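Worksheet for the structure shown next.
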Amino acid sequence: LYYNSILMKIAIGSDHAGYLLKEKIKDFLLSKGYQVVDVGTNSTESTDYPIFAREVALAVQRGEVQQGILICGTGIGMCITANKFKGVYAALCTNEYMARVSRQHNNANILCLGGRVLGDVLAISIVEAWLSADFEGGRHERRVNLIKSVEDSKP
Ligand code: RB5
Numbered sequence: 018l019y020y021n022s023i024l025m026k027i028a029i030g031s032d033h034a035g036y037l038l039k040e041k042i043k044d045f046l047l048s049k050g051y052q053v054v055d056v057g058t059n060s061t062e063s064t065d066y067p068i069f070a071r072e073v074a075l076a077v078q079r080g081e082v083q084q085g086i087l088i089c090g091t092g093i094g095m096c097i098t099a100n101k102f103k104g105v106y107a108a109l110c111t112n113e114y115m116a117r118v119s120r121q122h123n124n125a126n127i128l129c130l131g132g133r134v135l136g137d138v139l140a141i142s143i144v145e146a147w148l149s150a151d152f153e154g155g156r157h158e159r160r161v162n163l164i165k166s167v168e169d170s171k172p
């Protein structure tokens, strides 16, 4: 499961509502040998989630990290923001199945979580499911390519 963790760089960010869960997930990732780039926030003081979604999305888009994790109160604001970035595929997951399939079928490169929605134990379990699954390609490749084909569409 964590065979390649030493080679994996993960960017992580949250707002105030996701801060405590971010710290827990960061500790978990470090304990498993992942390299973690923490873009903040650094306290429970009120802040604005798009700031951190942008930092993590850019790190993924530029290839500075392989994957990202974003946490706000619900995960929704992070997910909406991150998905504005070309080449970023953010998935809001509330259980292990969604997390696993977001990798296998959607090739999601950012996991979004809700700090006010999930307990810590479930959240870590979702992160584990996400990290241990890989894109399956095949028919899913065609569908992901169709997503890419609408990335440049104009209003
Ligand atoms: C902050 O109150 C909250 O709106 C934010 O954390 C997030 O849930 C937004 O989607």
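If you want our numbering, it's the 1-based position in the sequence shown plus 17.
Each residue gets a CB set at the ideal place from its N, CA and C atoms; glycine is no exception.
As the structure is a computational prediction, the values presented were derived from the model and not from experiment.
Reduced DSSP category for residue i - H, G, I as helix; E, B as strand; rest coil
i	result
D55	strand
L47	helix
G94	helix
L130	strand
L109	strand
K103	coil
A125	coil
S22	helix
S119	helix
K62	The sequence given here has Glu at residue 62, not Lys. Here E62 sits in coil by DSSP.
E153	coil
K41	helix
Any chain C beta carbon closer than 7 Å to residue i
i	result
G80	The chain labelled as chain C is not found in the depicted structure, where only one protein chain is given.
Beta-carbon proximity of residue i to residue j, cut-off 7 Å
i	j	result
Q78	F102	yes
A72	H33	Reading off the sequence shown, one finds Glu at residue 72, where the question assumed Ala. For E72 and H33, no; Cβs fall outside 7 Å.
V82	I127	no
I88	G132	yes
A107	A116	no
S31	T64	no
C129	L109	yes
Y66	G94	yes
L47	V53	yes
I143	E113	yes
T91	V56	no
D137	K43	no
V105	A74	yes
N- and C-terminal bounds of the alpha helix (DSSP H) containing residue i
i	result
G85	It is not in any alpha helix (DSSP H) - G85 instead sits in the beta strand (DSSP E) that spans 84-89.
A70	66-78
S142	137-148
Continuous beta strand (DSSP E) stretch holding residue i: start and end
i	result
L163	That residue, L163, is in no beta strand (DSSP E); its alpha helix (DSSP H) goes 156-167.
I29	26-31
Anticipated Cβ contact below 8 Å, residue i with residue j, distance rounded
i	j	result
R120	D151	6 Å
N124	V167	About 15 Å; that fails the 8 Å criterion.
I23	K39	With a Cβ gap of about 21 Å, I23 and K39 do not count as contacting.
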